Amino acid sequence: MNFDLLIKNGSVVLPWGIIEADIGVTKGYIAAIGKNLGTAPQTIDATHLHILPGIIDPHVHFRDGGKGGINGVEDLLSGTKGAVLGGVTSVFDMPNTTPAAVDAATLNAKRDYITGHAYCDVGIYVGATTDNADSIGALETIDGVCAIKVFAGSSTGNLLVASDADIERVMRSGRRRIAFHSEDETRLQERRKSFSSGDPYANHMVWRDVECAFLGTRRIMALARKTKRPAHILHVSTAEELDYLKGFHDIASVEVLLNHLVQSAPDVYERLGAYGVMNPPIRDARHVAAAWAAIADGTVDTIGSDHAPHSRANKEKPWPDCAAGLTGVQTLLPMMLEQVHQGKLSLLRLVDLMSAGPARIYGAVNKGRIAAGYDADFSIVDLKKTETISNEAMATQCGWTPFDGVSVTGWPAATIVRGNIVMREGEVATPIGQPIHFRS
Ligand code: DOR
Ligand code: ZN
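Quick note on my numbering: the sequence shown kicks off at 33 and runs consecutively.
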């Protein structure tokens, strides 16, 4: 047979195991998996490399509402450039942009802007507000929309739906799984009064304490059961929530962030100051251990970066005025491959969490596995290559990573999106990204 692209001699990570095989790609789809498949005008020799199904980062803030992003911080082009340099083939972008993605006009404009402005495929969240709460069910099925996002606790931007009554209104509109930023807003606001400007950055986790997150999640679970509406709890950051959520698999799914797996307090605040500040906060070793246990026992469904770029000027303000959020889309896969290298999880579990998991939880069509007829999205990685992450190598316009100077073993060699080689050995090609379709 003749294909458009042949990837030869790689270790192919299928859902049921790893095999030595070639992959034939035709018209952007996986056409065949096996040996001696045929010929193609374009071939990649993947000897000694692993071919993962395209890695999905389901949690990024690219700061671009479809009108260009924030100069010196990020836009869709620079954000997705970082993605493909880091071996990511799909991203789901958060709605706290300017303009915010909260109505049909902004969602359609943001989706239409993807073509020509993205190196990888993109899904977009619709932000819940107290204004659109009763009608958001009509917005979650707009083409390109991956899910509703509810900020139940305030963070960067002004999207907020905090009261039980308003969250319930959102849950009763539509039927798809809703993604939640779960921190209790009342407790957050009350506790903020006891801190002063210039307090140590480590106070971030004292202010936004365990109970802020746990209380938020208990409230959302009560409402999910009441309304029978599925919920995806984003960036679960406490041992308490991870334990509690094991009893809610009927209605809830779980995201954990890379930052909550590899950074811990007080070290992160001592080393990085404001560059360790994010919401929900990085906490102490007890919570890090609980997150790894939840990876091991299957509690966790997806891993994201929560890539949230801010200018250095806004980061370097005294706490709590410093911007919260850390960059991460470009370092997500290398840092997770390093965890595989260290024996913290298997490559198959990594793929379950970073490709199959997001595709399943959000219903991304034709994504998440290497199988005939699926999109030819591949993250080709060299598990033996050791590289050091640096600020200079970051595509993000803000120019910094919390992992500057960290050496990792396991590095992306090529990124392929629907049969297009968008990155090979650190060189990016043209931006061919498209909106992702989701089951509604
Ligand atoms: O740390 C964070 N930064 N948490 C969020 O919820 C938002 C994000 C941002 O957009 O900066
Ligand atoms: Zn986020």
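All residues carry an ideal CB built from backbone N, CA and C; glycine is no exception. Values in this document were obtained by computation on a predicted structure and should not be read as measured data.
Top-ranked residue by Cα proximity to residue i, from the options
i       : options                            : result
Trp-513 : Gln-295, Pro-341, Glu-302, Gly-442 : Only positions 33 to 472 of the chain appear in the structure, and residue 513 is not among them; the question remains open.
Glu-348 : Tyr-233, Arg-392, Ala-425, Leu-382 : Tyr-233
Ala-391 : Asp-54, Asp-36, Ile-88, Ile-55     : Ile-88
Ala-477 : Met-203, Ser-187, Tyr-157          : The chain is shown only over 33 to 472; residue 477 falls outside these bounds and no answer can be derived.
Leu-81  : Ile-468, Ala-425, Phe-410          : Phe-410
Ala-317 : Asp-241, Gly-400, Leu-380, Ala-297 : Ala-297
His-319 : Gly-336, Tyr-307, Leu-290          : Leu-290
Ala-170 : Ala-245, Arg-207, Pro-434          : Arg-207
Ser-167 : Ala-132, Arg-201, Lys-142          : Arg-201
Ala-328 : Leu-380, Cys-430, Gly-305, Asp-353 : Leu-380
Gly-60  : Gly-159, Tyr-145, Val-454, Thr-162 : Val-454
Ser-186 : Ala-388, Ala-284, Ala-355          : Ala-355
Gly-101 : Ala-132, Lys-260, Asp-338, Thr-75  : Ala-132
Thr-121 : Thr-447, Ile-464, Phe-246          : Thr-447
Tyr-307 : Arg-450, Ala-136, Phe-435, Gly-159 : Phe-435
His-267 : Ile-283, Thr-259, Phe-246, Phe-280 : Phe-246
Asp-196 : Lys-258, Ala-284, Trp-432          : Lys-258
Ser-285 : Tyr-394, Ile-76, His-339, Ser-229  : Tyr-394
Pro-313 : His-281, Ala-321, His-292, Gly-305 : His-292
Ser-228 : Ser-205, Asp-353, Arg-303          : Asp-353
Cys-244 : Gln-221, Ala-254, Ser-226, Ala-321 : Gln-221
Ala-254 : Ala-425, Gly-279, Val-460          : Gly-279
Val-57  : Gly-458, Phe-470, Ile-464, Asn-452 : Asn-452
Lys-260 : Val-242, His-281, Gly-248          : His-281
Trp-48  : Gly-305, Thr-433, Ile-402          : Ile-402
Gly-230 : Ser-378, Gly-305, Phe-470          : Gly-305
Asp-414 : Cys-430, Ile-156, His-373          : His-373
Met-237 : Tyr-301, Ile-283, Gly-336, Ala-322 : Tyr-301
Ser-387 : Asp-299, Gly-336, Met-33           : Gly-336
Glu-459 : Val-158, Ser-226, Met-33, Ala-425  : Ala-425
Thr-433 : His-339, Asn-140, Ser-378          : His-339
Phe-470 : Ser-378, Leu-377, Asn-398, Lys-40  : Asn-398
Residue j beta carbon less than 9 Å from that of residue i
i       : j       : result
Ile-265 : Glu-287 : yes
Val-177 : Val-361 : no
Gly-70  : Leu-46  : no
Ala-115 : Cys-152 : yes
Val-154 : Gln-371 : no
Trp-351 : Asn-235 : yes
Thr-173 : Ser-472 : yes
Thr-331 : Leu-277 : yes
Thr-334 : Pro-90  : yes
Asn-311 : Arg-240 : yes
Thr-428 : Pro-341 : yes
Ile-412 : Gly-118 : no
Thr-9   : Lys-142 : Outside the modelled stretch of the chain, which goes from 33 to 472, sits residue 9, for which no answer is possible.
Asp-96  : Tyr-145 : yes
Leu-358 : Val-309 : yes
Ala-404 : Ile-468 : no
Ser-269 : Arg-315 : yes
Gly-104 : Thr-138 : no
Phe-94  : Thr-112 : yes
Ala-326 : Leu-274 : yes
Gly-375 : Gly-389 : no
Expected contact under 8 Å - CB spacing of residue i and residue j to nearest Å
i       : j       : result
Leu-192 : Pro-127 : Contact doesn't hold; Cβ gap of about 12 Å is too wide.
Phe-35  : Ala-72  : 4 Å
Thr-420 : Gly-437 : 7 Å
Ala-263 : Ala-256 : 5 Å
Ile-65  : Ala-53  : 5 Å
Val-134 : Ile-83  : In fact, because the Cβ distance is near 38 Å, the residues do not count as touching under 8 Å.
Arg-450 : Ala-408 : 6 Å
Ile-62  : Ile-51  : About 14 Å; that fails the 8 Å criterion.
Gly-248 : Asp-216 : 4 Å
Shell residues, 6 Å Cβ cut-off relative to heavy atoms of the ligand ZN: His-91, His-93, Met-126, Asp-338, Ala-340
Do three or more CB pairs link the stretch 206 to 224 to the stretch 180 to 187 at distances below 8 Å? yes
Touching or not, the stretch 365 to 380 and the stretch 442 to 450, by the rule of three or more beta carbon pairs under 8 Å? yes
Does the contact criterion of 3 or more C-beta pairs under 8 Å hold for the stretch 343 to 357 versus the stretch 403 to 418? No contact exists between the stretch 343 to 357 and the stretch 403 to 418.
Using 8 Å as the Cβ pair cut-off and three pairs as the minimum, do the stretch 140 to 152 and the stretch 103 to 112 touch? yes
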